[in-house]
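Have a look at the structure below before the remarks.
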Amino acid sequence: MHQTAIIVIAHQLHDTGMPAGIEAFIVIIGTALTCVTTYEIVRRIACLRPLFGLRAVPRTVLRTEQHQPV
Numbered sequence: 006m007h008q009t010a011i012i013v014i015a016h017q018l019h020d021t022g023m024p025a026g027i028e029a030f031i032v033i034i035g036t037a038l039t040c041v042t043t044y045e046i047v048r049r050i051a052c053l054r055p056l057f058g059l060r061a062v063p064r065t066v067l068r069t070e071q072h073q074p075v
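All residue numbers for the sequence shown refer to the working numbering, where the first residue is 6 and numbers rise by one.
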């Protein structure tokens, strides 16, 4: 996800005429925000979790189910 965010943000800033330092700052902050936002969305949607390398079922759910008396 971070590579896509970097490319999209940098492409949008390409011809703005901003100094390189400001562009770099915007790309870094924009990429970090995009990654955090994407993670927070993906971790809540079970069908997307495996596509982003997360367990299909969070560990807390697995632990809770293992300690339930039957």
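For glycine and all other residues, C-beta sits at the position ideal for the given N, C-alpha and C.
Is it right to say Thr36 is buried, meaning 16 or more other beta carbons lie within 10 angstroms of its own, or is it exposed? buried
When you compare the region 45-65 with the region 14-25, are there three or more beta-carbon pairs, one atom per stretch, that lie closer than 8 Å? Fewer than three Cβ pairs drawn from the region 45-65 and the region 14-25 lie within less than 8 Å of each other, which leaves the two stretches out of contact.
Rounding to the nearest angstrom, what Cα-Cα distance links Gly26 and Thr42 in this structure? 24 Å
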